[in-house]
Amino acid sequence: MSETKKTNIILFSGDYDKAMAAYIIANGAAAYDHDVTIFHTFWGLNALRKDDKMLVDNKSTLEKMFGRMMPRGAKRMGISKMNFGGFGQKMIKDVMKKHNAMPVEDLIDMAQEQDINLIACTMTMDLLGLRKEELIDDIEYGGVAAYIGEGEDGAINLFI
Amino acid sequence: MSETKKTNIILFSGDYDKAMAAYIIANGAAAYDHDVTIFHTFWGLNALRKDDKMLVDNKSTLEKMFGRMMPRGAKRMGISKMNFGGFGQKMIKDVMKKHNAMPVEDLIDMAQEQDINLIACTMTMDLLGLRKEELIDDIEYGGVAAYIGEGEDGAINLFI
Amino acid sequence: MSETKKTNIILFSGDYDKAMAAYIIANGAAAYDHDVTIFHTFWGLNALRKDDKMLVDNKSTLEKMFGRMMPRGAKRMGISKMNFGGFGQKMIKDVMKKHNAMPVEDLIDMAQEQDINLIACTMTMDLLGLRKEELIDDIEYGGVAAYIGEGEDGAINLFI
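From first to last, the protein sequence lines stand for chains A, B and C.
In terms of my numbering, the first sequence opens at residue 203 and continues consecutively.
In terms of my numbering, the second sequence opens at residue 203 and continues consecutively.
In terms of my numbering, the third sequence opens at residue 203 and continues consecutively.
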């Protein structure tokens, strides 16, 4: 069977450690020649936010509040366990640096270099008031239909 | 290949936003003619609870405590991030209303109209002391065997 | 088709209830003759820790801190919802005892008796400073490559 296998990951979580797991699996699958897609939905969208504070017009008060409360980029995301107001995340980052493990920001760069498909969920963007100019470049946009189309042929499908 | 594809979702989480994701994917897959099943286990069972407080006989004290502490229906579930004692959930609901997004209660109705199989995990029902009369009508009941039977033929299998 | 079906579960979570779900599904799939593998990564590794406090040489201060903060074995893990500083977990355990439901420690023994493949993620072990002598016996060790190799042939793939 010479067909390319597909790995499709839904990244729903906004936790640093879960984003790390998602991107490690994705990069691993790409190294094994899978055709890989990560669908970023809900809090997972935060991993795709640009580092800089963007000034975007026409945001409602609620949208501005979401924008301010949610982290801009993986670098600012907390961890799912033992976060202790950011202390646990600092421990994780220290230990990652010591072991030369790639931070999530770099895993995302690597994913783009490996042609992994990064998709931002347009429905959640609408809900949370996130605009395309607030997200990193060279990603795609889609909804649940895009996911089903990929997912139904997936060798590995995960919800993280 | 004319075979119907299957999507099987285990809804373990009792968070409003995760239940929303589960039901959006499920309804999307049904729209693409998948045969869809959602297995509600642990806290995910709360999405199937009736709105009304039911008086059920023969509950132990522990079962009554669980019954009181767990939300009755999706409408009362909190969100997984930024809940802030219910404030985040209110923000999400306000923004959903503004965008005419369907609340989870309506997504569940839609799922039943689309003949999506809603299964309640009998083992968890036993553990938490939930009775059939406390759950919504027209659902099925099963255990891990029912899940494996469906899941092993699934094109898309997710644990949410 | 006489081929053996595969079930592959990534256990990322360190929550007692999620570990319980993972091991119930795994044991169920093994009962249906699936070839089953559980990859323990991040906080999921805690389920494989030995009960006893192990004295291990050459740990850095950070590694010792992680070692002390993380639970040794499933028995000490908290639950994902309504934990209330351990009270919810006690309620769950009481109710499990009443219903003769197997605690996770026993589900792990059962998994080993059913020849379920338990794999510890070596990358996370490095990061968190966990050593082989701190984990239970008769398990395997591997990284993301081991997972992709199993996962791409999985009938059921889940991330828990």
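Beta carbons are placed, not taken as given, at the ideal position from N, Cα and C, and that holds for glycine.
Every unbroken beta strand (DSSP E) inside the region 221-258 of chain A [3 residues or more]: 237-242
For A/Q291, three-class secondary structure by DSSP: Along the first sequence, read from residue 1 onward, the residue named residue 291 of chain A stands at position 89. Correct three-state label for A/Q291: helix.
Three-way DSSP call (helix, strand, coil) for C/L263 in this model: As a first step, residue 263 of chain C must be located in the third sequence, where it is residue number 61. The question names Leu, but residue 263 of chain C is Thr in the sequence shown. C/T263: helix per DSSP, three-state reduction.
Proximity test, Cβ basis, 7 angstroms: A/G246 and chain C: Counting from 1 along the first sequence, the entry for residue 246 of chain A is found at position 44. No, A/G246 does not count as interfacial toward chain C.
Cα-Cα separation, B/M279 to A/N248: Stepping through the second sequence from its first residue, residue 279 of chain B is reached at position 77. Stepping through the first sequence from its first residue, residue 248 of chain A is reached at position 46. Distance between the alpha carbons of B/M279 and A/N248 is about 23 angstroms.
Alpha-carbon to alpha-carbon, A/D253 and B/G246: For the purposes of this step, residue 246 of chain B is identified with residue 44 of the second sequence, where counting begins at 1. For the purposes of this step, residue 253 of chain A is identified with residue 51 of the first sequence, where counting begins at 1. Cα to Cα, the separation comes out at about 35 angstroms.
Closest Cα partner of A/F244 within the set B/I226, B/E352 and B/I240: Locating residue 244 of chain A in the first sequence gives position 42, where the first residue counts as 1. Comparing Cα-Cα distances from A/F244 to each of B/I226, B/E352 and B/I240, the minimum goes to B/I226.
Own chain residues within Cβ distance below 6 angstroms of C/L360, not counting five before or after: Walking along the third sequence from the start, residue 360 of chain C turns up at place 158. Closer than 6 angstroms at Cβ, skipping near neighbours: I211.
Beta bridge counterpart(s) of A/G146 as assigned by DSSP: There is no way to answer for residue 146 of chain A, as the model of chain A reaches only from 203 to 362.
The region 207-221 of chain A / the region 265-284 of chain A touching (three or more Cβ pairs under 8 angstroms): yes
Under 7 angstroms from the C-beta of B/Y234: neighbouring residues of chain A: Reading the second sequence from its first residue, position 32 is the one you call residue 234 of chain B. In chain order: I350.
Beta carbon proximity, C/I399 to chain B, threshold 7 angstroms: Because chain C here runs from 203 to 362, residue 399 of chain C falls outside it and cannot be looked at.
Any C-beta of chain A under 7 angstroms from that of B/K292: Taking the first residue of the second sequence as position 1, residue 292 of chain B is located at position 90. Not closer than 7 angstroms to any Cβ of chain A, the Cβ of B/K292 fails to qualify, so no.
Host alpha helix (DSSP H) of C/L309 (start-end): Your numbering for residue 309 of chain C matches position 107 in the third sequence. C/L309 -> alpha helix (DSSP H) spans V306 to E315.
Integer-rounded CB distance, given that C/T239 should sit under 8 angstroms from C/I362: Within the third sequence, numbered from 1, the residue matching residue 362 of chain C stands at position 160. Within the third sequence, numbered from 1, the residue matching residue 239 of chain C stands at position 37. Not a contact, Cβ separation roughly 13 angstroms.
Buried/exposed call for A/H242, threshold 16 Cβ in 10 Å: Translated into positions along the first sequence, residue 242 of chain A becomes position 40. So A/H242 counts as buried.
Any chain B beta carbon closer than 7 angstroms to C/M284: To locate residue 284 of chain C, count along the third sequence from 1; it is residue 82. True, the Cβ-Cβ gap to chain B drops below 7 angstroms.
Residue range of the beta strand (DSSP E) that includes B/F361: Locating residue 361 of chain B in the second sequence gives position 159, counting from the first residue. Note, B/F361: beta strand (DSSP E), I358 to F361.
Buried or exposed by the 16-neighbour rule on C-beta atoms within 10 Å, applied to C/Y343: Here residue 343 of chain C corresponds to residue number 141 of the third sequence, with the count starting at 1. Classification for C/Y343: exposed.
Alpha-carbon to alpha-carbon, A/G351 and B/L264: Residue 264 of chain B sits at position 62 when you count from the first residue of the second sequence. Residue 351 of chain A sits at position 149 when you count from the first residue of the first sequence. Using only the alpha carbons, I get a separation of about 45 angstroms.
According to DSSP, residues forming a beta bridge with C/I211: By one-based count along the third sequence, residue 211 of chain C stands at place 9. For C/I211, which the question treats as bridged, DSSP gives the partners C/I240 and C/L360.
CB contact below 7 angstroms: C/H301 versus chain B: Locating residue 301 of chain C in the third sequence gives position 99, counting from the first residue. Yes, C/H301 lies at the interface with chain B (some Cβ there is under 7 angstroms from its Cβ).
Proximity test, B/M267 beta-carbon vs the ligand ATP heavy atom, cut-off 6 angstroms: You won't find the ligand ATP in this model; it holds no ligand whatsoever.
Of the residues B/A231, B/R270, B/T206 and B/H301, the one placed nearest A/M325, counting alpha carbons only: Translated into the one-based positions of the first sequence, residue 325 of chain A becomes position 123. Ranking the options by Cα distance to A/M325, first place goes to B/H301.
Residue closest to B/A365, alpha-carbon to alpha-carbon, out of B/K220, B/L329, B/A224 and B/N229: As shown, chain B starts at 203 and ends at 362. That puts residue 365 of chain B outside it, with no answer to give.
With 16 other Cβ atoms within 10 Å as the buried cut-off, status of A/F268: By one-based count along the first sequence, residue 268 of chain A stands at place 66. Buried, since its Cβ has 16 or more Cβ neighbours within 10 Å.
Backbone secondary structure at B/L332 - three-state DSSP: Taking the first residue of the second sequence as position 1, residue 332 of chain B is located at position 130. In the structure shown, B/L332 sits in coil (DSSP, three-state: anything other than H, G, I, E or B).
Rounded separation between A/H236 and C/D355 - CA only: Walking along the first sequence from the start, residue 236 of chain A turns up at place 34. Walking along the third sequence from the start, residue 355 of chain C turns up at place 153. Their backbone Cα atoms lie some 12 angstroms apart in a straight line.
Rounded C-alpha distance that separates A/T209 from A/I358: To locate residue 209 of chain A, count along the first sequence from 1; it is residue 7. To locate residue 358 of chain A, count along the first sequence from 1; it is residue 156. Taking the straight line joining both Cα atoms gives about 5 angstroms.
Residue-chain proximity (B/V346, chain C), Cβ-Cβ < 7 angstroms: Here the question's residue 346 of chain B lines up with position 144 in the second sequence. So, interface residue.
Sequence-distant residues of the same chain with beta carbon closer than 6 angstroms to A/A221, five excluded per side: By one-based count along the first sequence, residue 221 of chain A stands at place 19. A249, A276 and V306, listed in sequence order.
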